[in-house]
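Below is one structure, written out as structure tokens; comments come after it.
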Amino acid sequence: MSKDIGVQLGEVLTLDSSAVLNPGASECYGGVSAAPWVLVLLAAGRGSRFGTAPKCVQQVRGRPLARHTIDAFRDIAPAPCIVLVGYARDEVMAELGEDNIYVESANSVGGTAWAAYEALSVPGVLEADPLLLISMGDRVIPEVILRRLHEVHTAGSEAALSLLTASHTAPAQHGKGRILRGADGGIVGIIEQRDIDAVVDPPERQRLDSINEANCPLYLARASTLHRLLGALTNNNAQNQYYFTDIVAALVAEKGEIRALTVTPDDLDYPVLCADVTRPPDLARLESLLAIAGSSVGNGAASVAAAAGVIAADRSPGQTASIAAQLRELLAAGDVKVLDPARPVAIGISGGRFRIAFMHPDMGRFYGPAWQMPTGAADAEGRGQLALLAQQSDDGRIHHLPVQESFREKVTSVAADEPAMFPSAEVDCLTKYESFGTHLAEHLLLSLGYFSDGEIRARREAGLPLPPNALWVGNSMRRPFALICNAIASLRTLREGPIGNRVQECLCRDRFRGLRIISTGEIPQGGFSSSSALTVAVKNALNVLYGFGLPEDTLIHLACQAEYGTGVRAGSLDQATEQKGKYGQGALISSNPRDNYRVLGVFPVPTERVAFVFPYSVDRDREAWRWSAGVYADAPTAGELTTAEMRKLTGKATELAALLAGLPADRDLFTLIEEDMLDGGVVKPATQTTVYAFLRSLPLLISREVLHQRLVASGATYATLEPLFSGWRDPLLRRTAGNGEVVTERGIPLRAIVGYLFVEMARCFRLLNDHDRWIDHVTSSQRGDCSFEIDPANLPEPADLLTEMAWERGINGPERLTEWLRQCRATPFDYNRDLDNETLAGGSRALHELRGGAFFRGLALLDLAEAMLKRYFGAENVALRVNAAGQGDYFQVHIDTGKVSTEAVKEFLDRAFYARFGLRPVSRYVEPHPGGGAVGVRLDRAELLPQLISELETCAGLTSCG
764 MSKDIGVQLG
774 EVLTLDSSAV
784 LNPGASECYG
794 GVSAAPWVLV
804 LLAAGRGSRF
814 GTAPKCVQQV
824 RGRPLARHTI
834 DAFRDIAPAP
844 CIVLVGYARD
854 EVMAELGEDN
864 IYVESANSVG
874 GTAWAAYEAL
884 SVPGVLEADP
894 LLLISMGDRV
904 IPEVILRRLH
914 EVHTAGSEAA
924 LSLLTASHTA
934 PAQHGKGRIL
944 RGADGGIVGI
954 IEQRDIDAVV
964 DPPERQRLDS
974 INEANCPLYL
984 ARASTLHRLL
994 GALTNNNAQN
1004 QYYFTDIVAA
1014 LVAEKGEIRA
1024 LTVTPDDLDY
1034 PVLCADVTRP
1044 PDLARLESLL
1054 AIAGSSVGNG
1064 AASVAAAAGV
1074 IAADRSPGQT
1084 ASIAAQLREL
1094 LAAGDVKVLD
1104 PARPVAIGIS
1114 GGRFRIAFMH
1124 PDMGRFYGPA
1134 WQMPTGAADA
1144 EGRGQLALLA
1154 QQSDDGRIHH
1164 LPVQESFREK
1174 VTSVAADEPA
1184 MFPSAEVDCL
1194 TKYESFGTHL
1204 AEHLLLSLGY
1214 FSDGEIRARR
1224 EAGLPLPPNA
1234 LWVGNSMRRP
1244 FALICNAIAS
1254 LRTLREGPIG
1264 NRVQECLCRD
1274 RFRGLRIIST
1284 GEIPQGGFSS
1294 SSALTVAVKN
1304 ALNVLYGFGL
1314 PEDTLIHLAC
1324 QAEYGTGVRA
1334 GSLDQATEQK
1344 GKYGQGALIS
1354 SNPRDNYRVL
1364 GVFPVPTERV
1374 AFVFPYSVDR
1384 DREAWRWSAG
1394 VYADAPTAGE
1404 LTTAEMRKLT
1414 GKATELAALL
1424 AGLPADRDLF
1434 TLIEEDMLDG
1444 GVVKPATQTT
1454 VYAFLRSLPL
1464 LISREVLHQR
1474 LVASGATYAT
1484 LEPLFSGWRD
1494 PLLRRTAGNG
1504 EVVTERGIPL
1514 RAIVGYLFVE
1524 MARCFRLLND
1534 HDRWIDHVTS
1544 SQRGDCSFEI
1554 DPANLPEPAD
1564 LLTEMAWERG
1574 INGPERLTEW
1584 LRQCRATPFD
1594 YNRDLDNETL
1604 AGGSRALHEL
1614 RGGAFFRGLA
1624 LLDLAEAMLK
1634 RYFGAENVAL
1644 RVNAAGQGDY
1654 FQVHIDTGKV
1664 STEAVKEFLD
1674 RAFYARFGLR
1684 PVSRYVEPHP
1694 GGGAVGVRLD
1704 RAELLPQLIS
1714 ELETCAGLTS
1724 CG
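The sequence shown lines up with residues 764 to 1725 when you count with our numbering.
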């Protein structure tokens, strides 16, 4: 980037013919003076995510990426090609061939305008004034598009500038420069994504982000026109670079004619044209698109090396070694013999995610961010990511053959043409898919021998023995078959354009002949998004196996949609982190689909002073009710809600609140505080007044029936309300009122649920900006996720926590927990504290100081564990936090390592917690490691898998893999 901000490009850069590295090539194809048009390819950048080799020479179908466009151009017009080079110039020149004119860029990060301007250094270009076709070195432009743009530009009188644009279906436009059109429909400008992201006003930013016509960088203009316009550009923008696209506004100002060739999803070449290559997985998607289109391919070794490079990019050598070991395991397993060695095979890989802070923010119509990173194995012995092989079959079955027995069903395949797997055209949104997908999951589980809620209820009423909890449908919605089949079915909701046509062609009932999936991986279950990892890995594998060409944001949306079908109604934060996260980076990611899951910031984690341990508690859907002291029920009867019912209620509460309050459809709740949160994390008085007024508009308690009546009266339709009211009943809750009385209430504490989300945002943004009080902030954040208030001072002396107390002898398990709560004078958490109208209207308490608000994801067992830890180690030295969905499974312990060691915490929990309550989890502790994002790659033949493994092992042994 240029250090001179606001200076015209022509003043910063002097054109010099000495920049031409191979002057002898200037006469190739008759030279520029005789050429009617010349291709200019911008290939000076590195593409740091692609290893040491430049992005433009990455192999795609046996050829360097940039060579595809050069060859397409030469098929039309045997004419010169000028290539701008910079990073690894000698390698680029060798790979792209001697038949091009190479110009060395003086500033490879100066921007697209800088590089295009340097092309004018070639002797004879300005004098001959040919048409210059400007393209990028990281795109594949088919011959037909080059012809069509030329026809548009030269039709009648020649235009000043012609460019290629693409109309996208959201969220595929994200990351691209948006086309701005005036009242007459003419192009008046292009705004880049980073400049959109820099817009402070959320509605205006989202309006710009929602523009679905985007720049597809390919331009045609006379050399003299570019010399005049580019030289006058400045770099006043978010990246301080010289944007080529700024010549549009310059031409508009001087009333020059701008023409556009706009491709739409109906164009056959659309998927390839819109296949941006910004990350290694994009290479694999482009490879599969060209493979399906019948593009030529080099030898198998080149294909394998390219696939290995994509997998290894942005990962530690240890994780790459682990993936290689996993693929060897799959080859060694007997199940792999069912693969046809001569047919294509896809590899899908996804790790889990570690949420550092911000629990439950991605609820519909709230859409707050979370701070998290993708996880993976640390070394070859680890198995911290899911790896799978996928291949088409012809037997009419969907097979799933996991290496781990715990994921294998007695029946290892289901019918591929089962009607329940094919959504109708009416299933066109997340809420409609929820109903469809849930029915699909239940249908599959019943066919595999699980028991429905109705069967459980009938057996209980008849006094018959109940099957194990692990065989209840309601506890098993995230079993692999339910996830895999929902991942396939959700793809079928794509019906428009070439991608939709391709999906329907491959996955429709008449043509879909079956699928084999063989998988391995040991992502911890319970708080690390193992179910999302399977869904994301399957989506990535199918995307490249069938050549759908789905961009990452669409994959994320579809993965989220698929999980709606398993009873998980939440946003796309986990899928976005697993798909787009970067190795070792704790990114604050927006969960708002309108923001296309943009990264709000990257923040360091103070690992030099804080350590994280993830102990396991109990299974949240099968055992947590026993350890909840009566907060949760084991089955959906007339009393308290089950853990799953409570998650469904809280997951839908913000959407219900937005409807009830009449919040405009284009406004989401986090936007009320977003500007303050991103500006230091302190809520301004005016913002607080707005938030408190909104909370006062919500009822403290409202029955399901009355809420439904009020929403119907406000105009909400059945289609809107039916999915929001499914899957939960009126909750039965207890809280301790201000006078100390325990109050039992039936109904929805809507204000407390929504209030929690605002309070959680305020507290966690303070944590982001104040690491010195890390333990205090985490402790404060946990308040909204506790079931009981326990004063650590009420517990026995610290040393006594390691021994059995006299009053607990003779009682065990959940009954022992109940006695501990009684002895410690635990009281039900007052979720409505400070949320009354008087307190909110007075505004005396800052948002982060409100003592109420709850998301009802706590567990009595964890409340006691927190009190024990603070009693033994000191309240200021350790903090406990529920992890992700909460209610059990793994939880977080944050440790001030300057005061307490990680091993001391583990030793204490072993004796005071696990031994005391007889808890024996298979894996007691988890310490997550960073990993790379998800990826899918395709091999033309399954027999190439051993070569791929060898390439990955080579990559793992090097500091980098190119």
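Glycine included, every Cβ here is placed at the ideal spot set by N, Cα and C.
| said: Strictly by DSSP, which residues pair up with Asn-978? | reply: Position 215 of the sequence shown holds residue 978. Thr-928, per the DSSP bridge assignment.
| field | Distance, Leu-1702 Cα to Leu-1708 Cα | value | Mapped onto the sequence shown, residue 1708 falls at position 945. Mapped onto the sequence shown, residue 1702 falls at position 939. Their Cα atoms are separated by approximately 8 angstroms.
| task | Check each candidate in Ile-1219, Gly-900, Ala-1401 and name the one with the smallest Cα separation from Arg-830. | result | The residue you call residue 830 lines up with position 67 of the sequence shown. Among Ile-1219, Gly-900, Ala-1401, the Cα nearest to that of Arg-830 belongs to Gly-900.
| request: Determine the closest residue to Leu-1463 out of Leu-1321, Asp-1563, Asp-1599, with distance taken between C-alpha atoms. | output: As a first step, residue 1463 must be located in the sequence shown, where it is residue number 700. The candidate whose alpha carbon is nearest that of Leu-1463 is Asp-1599.
| query | How would you label Asp-1125, buried or exposed, when you count the other beta carbons within 10 angstroms and need 16 or more for buried? | reply | For this step, residue 1125 is matched to residue 362 along the sequence shown. Buried: at least 16 other Cβ atoms inside 10 Å.
| task | Grab the span of the alpha helix (DSSP H) containing Cys-1248 for me, first residue to last. | result | Taking the first residue of the sequence shown as 1, we reach residue 1248 at position 485. Residues 1243 to 1254.
| query | Is DSSP giving Ser-1066 helix, strand or coil here? | reply | Here residue 1066 refers to the residue found at position 303 when the sequence shown is read from its first residue. If DSSP states are grouped into helix, strand and coil, Ser-1066 belongs with the helices.
| message | Buried or exposed for Val-846, going by 16 or more other Cβ atoms inside 10 Å? | response | Within the sequence shown, residue 846 is the residue found at index 83, counting from 1. The residue is buried, with at least 16 neighbouring Cβ atoms inside 10 Å.
| In terms of residue numbering, what span does the beta strand (DSSP E) encompassing Gly-1111 cover? | Counting from 1 along the sequence shown, the entry for residue 1111 is found at position 348. Unbroken beta strand (DSSP E) run through Gly-1111: 1108 to 1114.
| query | Contact between the region 955 to 975 and the region 996 to 1015: three or more CB pairs below 8 angstroms? | reply | yes
| query | Which class does Gly-1616 belong to by DSSP, given the choice of helix, strand or coil? | reply | Mapped onto the sequence shown, residue 1616 falls at position 853. Looking at Gly-1616 - three-state DSSP - the assignment turns out to be coil, as it is neither helix nor strand.
| Beta-carbon proximity list for Glu-1418, same chain, < 8 angstroms, skipping 5 on both sides | Taking the first residue of the sequence shown as position 1, residue 1418 is located at position 655. Around Glu-1418: Met-1126, Gly-1127, Arg-1128, Leu-1487.
| task | Would you kindly work out how many angstroms separate the C-alpha atoms of Met-1351 and Asn-1557, rounded to a whole number? | result | Within the sequence shown, the letter at position 588 stands for residue 1351. Within the sequence shown, the letter at position 794 stands for residue 1557. Looking at the sequence provided, one finds Leu at residue 1351 rather than Met. Spanning the two alpha carbons is a distance of roughly 38 angstroms.
| Does the Cβ of Leu-1209 have 16 or more other Cβ atoms within 10 Å, making it buried, or fewer, making it exposed? | Within the sequence shown, numbered from 1, the residue matching residue 1209 stands at position 446. Exposed.
| said: On the DSSP letters alone, give me the boundaries of the alpha helix (DSSP H) that Arg-910 sits inside. | reply: Residue numbering aside, residue 910 sits at position 147 when the sequence shown is read from its first letter. Looking at the DSSP string, the run of the alpha helix (DSSP H) that includes Arg-910 is 906 to 917.
| field | Residues bridged to Thr-1590 [DSSP beta-bridge criterion] | value | The count along the sequence shown starts at 1 and reaches residue 1590 at position 827. DSSP output for Thr-1590 lists Glu-1552 as bridge partner(s).
| How about the region 1278 to 1287 and the region 1138 to 1148: do they share at least three Cβ pairs that are nearer than 8 angstroms? | With a cut-off of 8 angstroms, the region 1138 to 1148 and the region 1278 to 1287 count as touching, because enough Cβ pairs lie within range.
| message | Using the three-state DSSP reduction, which class does Gly-1478 fall into: helix, strand or coil? | response | Your numbering for residue 1478 matches position 715 in the sequence shown. Three-state DSSP puts Gly-1478 in coil, outside helix and strand.
| query | Among Ser-1187, Val-1101, Ala-1109, Leu-1203, which one has its Cα closest to the Cα of Asp-1158? | reply | Within the sequence shown, numbered from 1, the residue matching residue 1158 stands at position 395. That would be Val-1101, whose Cα lies nearest to the Cα of Asp-1158.
| said: Given this structure, state the Cα-to-Cα distance separating Met-1122 from Ala-1648, to the nearest angstrom. | reply: Taking the sequence shown and counting its residues from 1, the one referred to as residue 1122 is at position 359. Taking the sequence shown and counting its residues from 1, the one referred to as residue 1648 is at position 885. Between Met-1122 and Ala-1648, the C-alpha separation is close to 8 angstroms.
| message | Tell me the DSSP secondary structure of Met-1136 in three-state form. | response | What you label residue 1136 is simply residue 373 of the sequence shown in a count that begins at 1. Residue state, collapsed to three classes: strand.
| request: Below 7 angstroms CB to CB, which residues in the same chain sit around Tyr-1346 once its five sequence neighbours on both sides are set aside? | output: Here residue 1346 corresponds to residue number 583 of the sequence shown, with the count starting at 1. If we look at Tyr-1346 and ignore the five residues flanking it on each side, its Cβ neighbours are Asp-1077, Arg-1078, Ser-1079, Pro-1693, Gly-1694, Gly-1695.
| query | Would Ile-1262 pass as a contact of Pro-1028 if the rule is Cβ separation under 8 angstroms? | reply | To locate residue 1262, count along the sequence shown from 1; it is residue 499. To locate residue 1028, count along the sequence shown from 1; it is residue 265. Taking 8 angstroms as the Cβ cut-off, Ile-1262 and Pro-1028 qualify as a contacting pair.
| Tell me, which residues are paired with Arg-1160 by DSSP? | Looking up residue 1160 in the sequence shown gives position 397. DSSP lists Ala-1178, Gly-1277 as partners of Arg-1160.
| In this structure, does DSSP put Tyr-1033 in helix, strand or coil? | Within the sequence shown, the letter at position 270 stands for residue 1033. Helix, per DSSP.
| said: Can you find the residues in the same chain that come closer than 7 angstroms, C-beta to C-beta, to Thr-777, ignoring five residues on each side of it along the sequence? | reply: Position 14 of the sequence shown, counted from the first residue, corresponds to residue 777. The answer is none, since no qualifying residue turns up.
| Backbone CA spacing between Glu-1560 and Arg-1634 [nearest angstrom] | Translated into the one-based positions of the sequence shown, residue 1560 becomes position 797. Translated into the one-based positions of the sequence shown, residue 1634 becomes position 871. One C-alpha to the other measures close to 8 angstroms.
| Do the CB positions of Cys-1549 and Asp-1626 come within less than 8 angstroms of each other? | Walking along the sequence shown from the start, residue 1549 turns up at place 786. Walking along the sequence shown from the start, residue 1626 turns up at place 863. A contact, by the Cβ cut-off of 8 angstroms.
| Is it right to say Trp-1570 is buried, meaning 16 or more other beta carbons lie within 10 angstroms of its own, or is it exposed? | If you number the sequence shown from 1, residue 1570 lands on position 807. The residue is exposed, with fewer than 16 neighbouring Cβ atoms inside 10 Å.
| message | Under 8 angstroms, with one C-beta from each stretch per pair, do the region 1423 to 1430 and the region 1442 to 1461 reach the 3-pair mark? | response | yes
| message | Judging by CA-CA distance, which residue of Leu-1305, Pro-1356, Leu-1254 is the nearest neighbour of Met-1321? | response | In the sequence shown, counting from the first residue as 1, residue 1321 sits at position 558. The sequence given here has Leu at residue 1321, not Met. Measuring from the Cα of Leu-1321, the nearest candidate turns out to be Leu-1254.
| request: Helix, strand or coil for Ala-1387, going by three-state DSSP, please let me know. | output: As a working mapping, residue 1387 is identified with position 624 in the sequence shown. In this structure, Ala-1387 counts as helix in the three-state DSSP scheme.
| said: Could you tell me the alpha carbon to alpha carbon distance between Asp-779 and Ile-1010, rounded to whole angstroms? | reply: On the sequence shown, residue 779 is found 16 positions in, with the first residue counted as 1. On the sequence shown, residue 1010 is found 247 positions in, with the first residue counted as 1. Distance between the alpha carbons of Asp-779 and Ile-1010 is about 22 angstroms.
| request: Return helix, strand or coil for Gln-1342, following the three-state DSSP convention. | output: Position 579 of the sequence shown, counted from the first residue, corresponds to residue 1342. Note: Gln-1342 maps to helix in three-state DSSP.
| task | Tell me, to the nearest whole angstrom, how far the beta carbon of Leu-996 is from that of Gln-771; I am working on the premise that it is less than 8 angstroms. | result | Within the sequence shown, residue 996 is the residue found at index 233, counting from 1. Within the sequence shown, residue 771 is the residue found at index 8, counting from 1. Indeed they touch by this definition, with Cβ atoms about 7 angstroms apart.
| message | If we require 4 or more residues per run, which alpha helix (DSSP H) segments fall completely within the region 1380 to 1445? | response | If we require 4 residues or more, the alpha helix (DSSP H) runs fully inside the region 1380 to 1445 come out as 1406 to 1423, 1437 to 1441.
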